[in-house]
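**Q** Have a look at this one before I ask anything.
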Amino acid sequence: MKRNIFVLGVCFSLFCLLYAVPVQQFAELGDFELENGQTISECRIGYRIIGEINADSSNVILYPTWFGGTSEHIYHLIRIHAFLDTTRYAVIAVDAPGNGVSTSPSNSRTQPGTVFPEIRIIDMARTQYALLRELGITRLHALVGGSMGGMQCLEFICEYPGFAEKAVLYVTTPKESAYDLLRREAGLRIIEHGRKYNIPEAEYMKPITINQTLNGRSPDYFALEMDEAAALAFIESLDDYEPGIFPADNFYSQSKAVSIHDISRRDRGDMEKTAARIQTEMLIIVNRQDHLVSPYPILSLAKQTRSKTLVLNNDRGHLGVTYEIKKVRRTIDRFLK
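In terms of this note's numbering, the sequence shown opens at residue 240 and continues consecutively.
Structure, rendered in structure tokens:
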């Protein structure tokens, strides 16, 4: 009996070692100057390290968070889907400003709420570079990022050419399409009007949540795979508004950053000239049925840079990568080796 208890205890300890969430760490960057001349006061950037960094740091992958995502979310994605081989690579998952972990409107001591400065995607990339300098890392094997995380990777690649050998970019864009801009502007204006007329946050975030959900998958998915009862249950669930660490102010901050994202701004809108700056080998993964981030701008960049592509075509839209995770995982694994 005692032997069985001992064996169970050893197994449990091994399980905890294998699957324990890596500790949340922070880099204190002080007052961080933004591209627009404003400053994030007492800027603090969260991160987690998944895997072991080797002696020359040649196995490091930087993985910025997606919109509203956290480094813990990235850890769970990697663990559940074996998305990256953390026995081979050390993944530094970085919390983007505005996500509620790193300095954000919701947690800033000196610049809370609407006082928080307007951040841009390039600012997020620069905080990541500052973090790497703090950690003594002078090169990356790869960057990996999805959606807004991929936008940060693109900015990083353009801002620090040659720093990363490779990059895996999925369901992302170098610049918002007209469709993306119009949809995102609707959300920003809803929040602005909610603030102006003192509408409770739980109320004005309802249509935004519906819009995000509706665009997260394709129209075919909702028309053919979601029944009326499920749709009504979803609508009813909106009454239970629990934003956690990502309330409306954070949503607005990161949405605004995405809405003005354009890597070609450094070349006065000439994307071909910006593409010529890129020295990093890229794998670009899109879903043709993505209605949250249009695939066409990044496919155009892929042609300009002669990058490898994986084009999915499933009705899960922006969430289609995990729907075809086996194919995606094989492609990423081959590319990173």
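Using N, Cα and C, we set each Cβ at its ideal position, and we do this for glycine too.
Name, in chain order, the residues that DSSP records as bridge partners for G269.
**A** Per DSSP, C282.
**Q** Hey, P303 and Q367: beta-carbon distance below 8 Å or not?
**A** Closer than 8 Å, so yes.
**Q** Give the secondary structure of P446 by DSSP, where H, G and I count as helix, E and B as strand, and everything else as coil.
**A** Correct three-state label for P446: helix.
**Q** What is the rounded straight-line gap between the Cα of L379 and the Cα of S297?
**A** Taking the straight line from one Cα to the other gives about 6 Å.
**Q** Is the beta carbon of E291 closer than 8 Å to that of A329?
**A** For A329 and E291, yes; Cβs fall inside 8 Å.
**Q** Taking the alpha carbon of I564 as the point to measure from, which residue in I284, I300, S492, L316 has its own alpha carbon closest?
**A** I564 has its Cα closest to that of L316, out of I284, I300, S492, L316.
**Q** Expressed to the nearest angstrom, what Euclidean distance is found between the alpha-carbon atoms of C392 and P413?
**A** Approximately 10 Å, taken between the alpha carbons.
**Q** Taking the C-alpha atoms as reference points, what is the distance between S280 and E440?
**A** Distance between the alpha carbons of S280 and E440: 26 Å.
**Q** Starting from H380 and walking both ways along the alpha helix (DSSP H), at which residues does that stretch end?
**A** No alpha helix (DSSP H) holds H380; the beta strand (DSSP E) holding it covers 379-385.
**Q** Between which residues of its own chain and N553 is the CB-CB distance below 7 Å, once the five residues before and five after are set aside?
**A** Closer than 7 Å at the Cβ level, and outside the excluded window around N553, lie N526, Q528, G559, Y562, E563.
**Q** For S494 and E357, what's the separation of their Cα atoms in angstroms?
**A** For S494 and E357, the distance between alpha carbons rounds to 10 Å.
**Q** Taking M521 as part of the beta strand (DSSP E), name the residues at either end of that continuous run.
**A** Counting along the chain, the beta strand (DSSP E) containing M521 begins and ends at 520-526.
**Q** DSSP three-state call for R365: helix, strand or coil?
**A** R365: helix per DSSP, three-state reduction.
**Q** Exposed or buried, F473, counting other C-beta atoms within 10 Å across all chains shown (16 or more means buried)?
**A** Under this definition F473 is an exposed residue.
**Q** In the structure shown, what three-state DSSP assignment does V299 receive?
**A** It is a strand residue.
**Q** Applying the criterion that 16 or more other CB atoms from any shown protein chain within 10 Å of the CB defines a buried residue, is H432 buried or exposed?
**A** Looking at its Cβ environment, which holds fewer than 16 other Cβ atoms inside 10 Å, H432 is exposed.
**Q** Tell me where the beta strand (DSSP E) around K405 begins and ends.
**A** First-last of the beta strand (DSSP E) with K405: 403-409.
**Q** Taking the CB atoms as reference points, tell me whether Q518 and G401 lie closer together than 8 Å.
**A** In contact: Q518 and G401 (Cβ atoms closer than 8 Å).
**Q** Assign S386 to one of two classes, buried (16 or more other C-beta atoms within 10 Å of its C-beta) or exposed (fewer than that).
**A** S386 comes out buried.
**Q** DSSP on V567, reduced to helix/strand/coil?
**A** Helix at V567.
**Q** Inspect the beta-carbon positions of G352 and I484 and report whether they are closer than 8 Å.
**A** No, the pair does not count as a contact, with Cβ atoms beyond the cut-off.
**Q** Considering only the alpha carbon of each residue, which of A417, V410, P486 lies closest to E442?
**A** Out of A417, V410, P486, P486 has the C-alpha closest to the C-alpha of E442.
**Q** Using C-beta distances below 8 Å, list every residue in its chain close to Q264, excluding the 5 sequence neighbours before and after it, in chain order.
**A** Closer than 8 Å at Cβ, skipping near neighbours: G285, Y286, R287, I288.
**Q** How many angstroms separate the CA atom of I396 from the CA atom of G307?
**A** Between I396 and G307, the C-alpha separation is close to 22 Å.
**Q** Given G384, which residues of its chain have a CB within under 7 Å of its CB, disregarding the five upstream and five downstream residues?
**A** Excluding residues within five positions, the ones whose Cβ falls inside 7 Å are Y302, P303, Q391, C392, L408, T411.
**Q** Please report the Cβ distance between N275 and R359, rounded to the nearest whole angstrom; I am assuming they are in contact, meaning their Cβ atoms lie under 8 Å.
**A** 7 Å between Cβ atoms; contact.
**Q** Who are the near neighbours of T548 in its chain, counting only those whose CB is closer than 8 Å to its CB and skipping five residues on each side?
**A** Only L522, I523, I524, V525, L538, A541 meet the Cβ criterion.
**Q** Exposed or buried, which one is G508 when buried takes at least 16 other CB atoms within 10 Å?
**A** When all chains shown are included, G508 counts as exposed.
**Q** Measuring CB to CB, does A381 end up less than 8 Å from E398?
**A** No, the Cβ-Cβ distance between A381 and E398 is not below 8 Å.
**Q** Could I get the ranges of all uninterrupted alpha helix (DSSP H) runs contained in the segment 458-485, with 4 residues as the minimum, in chain order?
**A** Correct list: 458-464, 467-476.
**Q** Would you mind sorting T325 into buried or exposed? The rule is 16 or more other CB atoms within 10 Å of its CB.
**A** Buried: at least 16 other Cβ atoms inside 10 Å.
**Q** Identify, in the order they occur along the chain, each residue of the same chain with its Cβ nearer than 6 Å to the Cβ of N489, setting aside the five sequence neighbours on each side.
**A** Once the five neighbours on either side are set aside, the close Cβ partners of N489 are G337, G339, S343, P344, S345.
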